[in-house]
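With the numbering used here applied, the sequence shown has no gaps in its numbers, which climb one by one up to 397 at the end. Where a beta carbon is used, it is the ideal one built from N, C-alpha and C, also for glycine. Each remark here refers to the structure printed beneath this line.
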Amino acid sequence: MNKFAIVSLLALIPAATQALEIPGGQIHGFASQGYLLSDSNNFYGDSQRGSTELTEIGLNANWRLNNSLNFAGQLLSRDAGATDNGSLRVDFLFADYKAIENDVTGLGIRVGRVRNAYGFYNETRDVLFTRPSILMPQAIYYEGNGLRELLFSSDGAQLYSYWDAEDSTTSFSLTAGRNKRLSKDVIKNLLGTSTSQLIAQGSLDHPIFAQFSHAMSGGRSRFALSMYNVGLDFDTNFMGADGLNLYASGYVLSAQHNLQDWSFTAEYSLTTVKYEAGRLGNAKNDIEATYLQAEYRLSPKISLHSRVEYSVNDRDNRNATDTQHLVVGTKWSPSRNWTIAADLLGMRGTGGIPDIDNPNGTRERTEMLAVMVGYRF
């Protein structure tokens, strides 16, 4: 972990309980620290002996120049075992121009490093308070696979719009990203330690993300359709050898219904992945995944949740590639600024298990305890 980055961010976060007001804007911050204990497989560090390698610290700000132009950005340090090294990075940074805004509709464009609209939780996945559990649903968000960098943001432009009716809101966003060099960590997460050593460099090829969302009765029910198309190009270290190209396209269907004490959430995704390896041939497979989560609020400060996830890495070979996760947990928020969460996870299959944390191979069954403390202002 980059200890200097962590200390630098902490030094910027005072003992605040509310957002810091600045002329024309606000500054927010968050920090969380987790502890993981598992059997059979490691998850974010040596969790079979107990791991504290799950740390998230962020500082974000927004500043409004006028009624039409706004700026927003976030610095983040995230340590997640071997999948993320804790280095300080610009998580997002963009200018937001609203061309149209009135009582019923709005239209605007964001330019810079923008957050991708993907499922319900991608845009707020780093904040313990706003995600459904300590670990994101592996089946949809690929948290354990170390692919956050590919999904969270794109360098490019994002067109967005919304329409308000008497009892509903409909919104749309379209993100077009430019090519970007992949970090060594992302290549290692994608291809594994041994294969990544054969790769000279990799790049992200013009990612596209789009989402339609619809909310009714003040958010009592909400739905979303997310679509994406991402290309990855890899050059090998061997002169004259063919490179590897990977193309992934698919969609996520999301639905949530909120009652006074209960919330029910379900998401389903289907991704088609095509591999092109020159003389080594081509391949294609369909990745299918879904989860269903129920949350019960015992009180304004205490909630319980349970989730079942199911995924297959090859829809034509379900029995050999399927994975199931069961999650039960709780959150206690003694104040607006603090929350403490605990989850028990049972995993059958290796989907979502970080290969890079298990260099000697993964096993079929894993049980894990996760505990996390989070703070925000």
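Spatial neighbours of residue i within its chain, please: CB distance less than 7 Å, with the 5 preceding and 5 following residues excluded, ordered by chain position.
i: G126; result: K118, I120, S181, Y182
i: K321; result: W352, S353, P354
i: L211; result: I219
i: G369; result: D342, T343, Q344, E384
i: T144; result: T150, R151
i: D375; result: G212, T382
Using alpha carbons as the reference points, say which of the options lies closest to residue i.
i: L389; options: Q344, D377, G372, L365; result: L365
i: R335; options: S289, W83, T75, I154; result: S289
i: D104; options: L79, Q217, Y330, E163; result: E163
i: L74; options: R396, F397, M392; result: M392
i: A92; options: K200, N305, L85, F114; result: F114
i: T350; options: P227, R327, N302; result: R327
i: L194; options: H226, E186, T213; result: H226
i: H277; options: K304, L252, S237; result: S237
i: S283; options: Y248, S241, G301, L300; result: S241
I'd like to check one pair, residue j with residue i: are the Cβ atoms closer than 8 Å?
i: I219; j: N165; result: no
i: L89; j: V110; result: no
i: L202; j: L224; result: yes
i: S323; j: E315; result: yes
i: D363; j: R317; result: no
i: L56; j: F63; result: yes
i: N357; j: R383; result: no
i: Y141; j: R151; result: yes
i: G106; j: D116; result: no
i: T394; j: T343; result: For clarity, residue 394 is Gly in the given sequence; the question names Thr instead. Not closer than 8 Å, so no.
Can you round the beta-carbon distance between residue i and residue j to whole angstroms, since I take them to be within the 8 Å contact cut?
i: A235; j: S188; result: 6 Å
i: F229; j: S153; result: Actually they do not touch by this definition, with Cβ atoms about 23 Å apart.
i: G371; j: S331; result: 5 Å
i: A81; j: Q46; result: 7 Å
i: R84; j: G54; result: Their Cβ separation, rounded to whole angstroms, is 34 Å, which puts R84 and G54 out of contact at 8 Å.
i: A159; j: Y311; result: 5 Å
Excluding five sequence neighbours on each side, which residues of the same chain lie with their C-beta closer than 6 Å to the C-beta of residue i?
i: E76; result: S52, R98, D146
i: M367; result: H345, T386
i: A275; result: F243, A286
i: A268; result: V250, T291, V293
i: I307; result: T291, N333
i: F232; result: F192, L245
i: F254; result: I219, G222, G263, L264
i: N380; result: none
Taking the alpha-carbon positions, what's the residue i to residue j distance?
i: G197; j: S246; result: 16 Å
i: T215; j: K208; result: 8 Å
i: Q178; j: R130; result: 5 Å
i: M21; j: V272; result: With a pLDDT of 45 at M21, under the threshold of 50, the modelled position of that residue is not reliable, and no figure is offered here.
i: V348; j: Q68; result: 20 Å
i: E296; j: N265; result: 5 Å
i: P157; j: G239; result: 21 Å
i: L155; j: Q217; result: 29 Å
i: K23; j: A309; result: The pLDDT assigned to K23 is 47, lower than 50, so where the model puts this residue is not dependable; a value taken from the coordinates is nonetheless given after this. Straight-line Cα distance between these residues: approximately 36 Å.
i: G70; j: G139; result: 31 Å
i: F417; j: G101; result: Because the chain here runs from 21 to 397, residue 417 falls outside it and cannot be looked at.
i: T190; j: N337; result: 38 Å
i: T213; j: G65; result: 15 Å
i: F112; j: R135; result: 7 Å
i: K304; j: L252; result: 14 Å
i: L108; j: G78; result: 9 Å
i: D377; j: S58; result: 12 Å
i: E421; j: N87; result: The displayed coordinates of the chain run from 21 to 397. Any statement about residue 421 would go beyond what the structure contains.
i: N302; j: A361; result: 44 Å
Excluding the 5 residues preceding and the 5 following residue i in the sequence, name in chain order all residues of the same chain whose CB lies nearer than 8 Å to its CB.
i: I373; result: N61, F63, G164, M367, T382, T386
i: H325; result: P152, S153, Q313, A314, E315, Y316, V347, V348, G349, T350, K351
i: V206; result: G166, L167, E169, L170, G222
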